[in-house]
Structure formats: structure tokens, C-alpha cells
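The opening residue of the sequence shown carries number -6 in the numbering used here; numbering runs sequentially from there.
Backbone N, C-alpha and C fix where the C-beta goes; we use that ideal spot for every residue, glycine too.
This report concerns only the one structure given below.
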Amino acid sequence: GKVLKSELDYVKKFFTNTFGAKKSNEYFRMFNDLNKQDYSSKLRQVCLQLNSHINHSSRLEIIHFLFGVAASDNDIHLKEVETIKRIATYMNINPYDFESIQSMFLAKAGVSSEQHYTILGITKDATDIQVKKAYRKMAVKYHPDKLQGVSEDIKKLAEEKFLKVKEAYEQIMKGRK
């Protein structure tokens, strides 16, 4: 409902690092114009347009970025999660990928080790072979090399996700010894 300074600072820092000061100022002018409008009626259209211009890996990065914005005030609100989930649906992000990315941010907040299973998109009753298979699938999906021609900040987000997947796998396997 309300845009916080910490959220704006997160976005501004990301945009400045990604696009440079001049280009990010241009984007912020557009953002300010859009912020004065009721964007909710146009949200689906914007997402569908993005779908036709960017690949799946880049759409996953957008969801990751949105969770980063939501977490920038150290508290992810239910309404923020619902909005990001709606955006993910419009962008053809499946529920497993959404839950995986969401779990990465909940894990930062000290959520239980069960989140490691969610990050890999499996349940606790998965066999070791299923855990390894899920890890490999997620590692390929979130590998930073899948993103070509993007800025270092976007690659950094991908690396962060990739490391969360690796950490989840390692923690699950460690707990099974």
C-alpha cells in the first residue's frame, strides 16, 4: 500500500548500478509518472508484454528482484507476496519456481530448515536421488551463465539464487548423514 524509503533506496541503488546514473534517472522519471496512475489495471498487460520480450531466466530474475524490494525493509508483508505472486502468474512463472524464490527470502529471515526443501521444490520425504535430481535441475535453472547480455547486478542476483540452491542441497544432505 505504501512505498517506503528503504524500498526506493533498494530500487535506486540497483538501477544506478545496473543502468548508470543517467539512464536510471530516466527510468525513475517514468516510474514517478506511473506511480501517479492506477497501475493495477495495467499490470497484466505489462507482464504479458515482458513475456514476449524476455526469456524465462530473466523473468525469474524480476521475481527475485521484487522479493528483494519487498525484503528491503526487513519485513515481507502478505500483501507484497500476493502482488508478487500475481505478477509471477502473469509472467508464466510456475508455482514451484515462485515458492522456491520466496523460500530464499524467508530463509534469510531465519525460517526453519524445511525451507531448504521448498527451495529445491521437493518435500522432506524425497529420496537422496530425488534430492540430487532436484538440485541439478534448480542449479541449471538458476545458473548465472543462462543470462546473456545483462548487467553485473542482475548476474549477482542470479549468483545469489544459485548459492541458495547449493546451500539448500548441502544442508539437506548434511542433515541426512
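Check: Could you work out which residue in Asn10, Lys5, Leu36 and Ser34 is closest to arginine 22 when comparing CA atoms only?; Outcome: Lys5
Check: State the Cα-Cα distance for the pair lysine 35 and threonine 76, rounded to the nearest angstrom.; Outcome: 13 Å
Check: Less than 9 Å separating the beta-carbons of lysine 159 and alanine 119?; Outcome: no
Check: What is the DSSP secondary structure of threonine 119, counted as helix, strand or coil?; Outcome: As written in the sequence, residue 119 is alanine, which differs from the threonine given in the question. Three-state DSSP puts alanine 119 in coil, outside helix and strand.
Check: Beta-carbon within less than 8 Å of isoleucine 69's beta-carbon, same chain only, minus the 5 sequence neighbours each way: which residues are those?; Outcome: Phe60, Ala63, Phe98, Leu99 and Ala102
Check: How long is the line joining the alpha carbons of phenylalanine 12 and glutamate 145, rounded to whole angstroms?; Outcome: 10 Å
Check: Within 10 Å of its beta-carbon, does histidine 57 have 16 or more other beta-carbons around it, so buried, or fewer, so exposed?; Outcome: buried
Check: So, is histidine 46 buried or exposed, given that buried needs 16 or more other C-beta atoms within 10 angstroms?; Outcome: exposed
Check: Taking a contact to mean a Cβ-Cβ separation below 9 Å, would you say valine 113 touches tyrosine 128 in this structure?; Outcome: Position check: residue 113 holds leucine in this sequence, whereas valine was assumed. Contact: yes.
Check: Taking buried to mean at least 16 other C-beta atoms within 10 Å of its own C-beta, is valine -4 buried or exposed?; Outcome: exposed
Check: What are the start and end residues of the alpha helix (DSSP H) that includes leucine 59?; Outcome: 49 to 64
Check: Which stretch, first to last residue, makes up the alpha helix (DSSP H) that contains valine 74?; Outcome: 71 to 83
Check: For lysine -2 and proline 137, I'd like the C-alpha separation in whole angstroms.; Outcome: 30 Å
Check: Which term fits lysine 154, buried or exposed, when burial requires 16 or more other beta carbons within 10 angstroms of its beta carbon?; Outcome: buried
Check: Output needed for leucine 41: all residues of its chain with C-beta closer than 7 Å, excluding positions within five of it in sequence on either side, in chain order.; Outcome: Tyr83
Check: Would you kindly check if the distance between the Cβ of glutamate 0 and the Cβ of serine 65 is under 9 Å?; Outcome: yes
Check: Just verifying my parser: in three-state terms, what is the DSSP assignment at valine -4?; Outcome: coil
Check: For alanine 14, count neighbouring C-beta atoms within 10 Å of its own C-beta (all shown protein chains included) and say buried if the count is 16 or more, exposed if not.; Outcome: exposed
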